[in-house]
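Residue numbering for the sequence shown follows this note's numbering, beginning at 1294 and increasing consecutively.
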Amino acid sequence: MGETTVTTLEGRQAPTASPIAGEEDDRNGRNLLRRLRTPRRPRLWFEILLIAVSYWTYSLIRNAVPEQKAQALRNADWIWRVEQDLGIAVERGVNHAVDSVTWLIVGMNYYYATLHFVVTLGVLVWLFRCHPGRYAATRLVLFATTAVALVGYYLYPLAPPRLMNGTTFIDTVLVHHTWGSMASGDLKNMSNQYAAMPSMHIGWSLWCGLTIFALASVPWAKVLGLLYPATTLVVIVATANHFWLDAVGGLLCLAFGLTVTRLWYGALPHGLPREVDTLPLKV
């Protein structure tokens, strides 16, 4: 059953696929795709393992990108000249002004070294607990944003302002002997120093901030969500770890992540139901 026959020119009969069988295969394929695209309740052990493996892979690939020092310095010089020609080269002024206030720059150094991870993980935990129906989609935004950033590191090596030649940018971690930065001091050999474009401090902080703004239920949390990436932009410039144009690169990476998620789920994360059980099943 399930097959029909046709007579060939030689008079022999050959089986052909039944139209019913073909329709059934198509239906099964659609059902499989629907199941893959339908968010399910996240499992804690799986999410911990996935995030740990993903970050380890990201760090491995980022640090495996060849440190093209000469090209990275040329690219930094080019960006600095373009900003100066356009009258938007504010990074050195911000760097020097903030460095003159010791308590402020020390706080920014610790901010740069820690909140990048702490806030991102905190938002993931909040989503896991309070928005399970939106968790997978929002996580996909973060993963796609981070993945495309790796392409930028490979195609456009860029030195941070603090490593440029012939400028007076201050490496605030070295000057104030603060702990924790993978970009300076004894830990600098563990991190690719010439992968400044795009800035994932901005990519991740924008992901956090927009997620909080879209999903938080109280106004003050929404305001904090918007302030977080804005403050991060000031920090990455004041500590001379990025040009502000690196932040534009981070924004573009986030736009890519949002686009991928929109195409996969048919909606942005905030447009999905909060609870998994209420998600509609489309046939």
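All C-beta atoms in this analysis are idealised placements derived from N, C-alpha and C, irrespective of residue type, glycine included.
Straight-line gap, residue i to residue j (C-alpha atoms, nearest Å)
| i | j | result |
| --- | --- | --- |
| V1412 | V1516 | 15 angstroms |
| Y1521 | G1502 | 6 angstroms |
| W1497 | A1440 | 12 angstroms |
| V1387 | F1506 | 28 angstroms |
| W1557 | G1564 | 13 angstroms |
| F1462 | R1334 | 48 angstroms |
| N1485 | R1355 | 7 angstroms |
| P1562 | I1341 | 20 angstroms |
| G1459 | G1559 | 50 angstroms |
| A1514 | Q1364 | 42 angstroms |
| R1385 | Y1449 | 22 angstroms |
| A1442 | M1493 | 7 angstroms |
| D1370 | M1457 | 7 angstroms |
| A1430 | E1568 | 13 angstroms |
| T1301 | G1426 | Interpretation of T1301 is limited by its pLDDT of 47, a score under 50 that renders its predicted location unreliable; no figure is taken from the coordinates. |
| F1410 | V1375 | 32 angstroms |
| T1504 | T1524 | 16 angstroms |
Enclosing alpha helix (DSSP H) for residue i [first to last residue]
| i | result |
| --- | --- |
| N1356 | 1337-1357 |
| P1562 | No alpha helix (DSSP H) holds P1562; DSSP gives it neither H nor E. |
| G1386 | 1384-1392 |
| F1536 | Element bounds for F1536: n/a, residue is neither H nor E. |
| N1402 | 1395-1423 |
| R1367 | 1362-1379 |
| A1507 | 1493-1508 |
Bridge-paired residues (DSSP) for residue i
| i | result |
| --- | --- |
| L1451 | A1488 |
Beta-carbon separation (whole angstroms), residue i vs residue j, contact threshold 8 angstroms
| i | j | result |
| --- | --- | --- |
| F1421 | Y1428 | 6 angstroms |
| L1508 | L1544 | With 8 angstroms as the limit, L1508 and L1544 do not qualify as a contact, their Cβ atoms being about 20 angstroms apart. |
| T1407 | C1546 | Going by Cβ atoms, the distance from T1407 to C1546 rounds to 22 angstroms, so no, they are not a contact pair. |
| A1533 | P1453 | 6 angstroms |
| L1337 | V1434 | L1337 to V1434, Cβ: 20 angstroms. No contact. |
| W1537 | V1530 | 6 angstroms |
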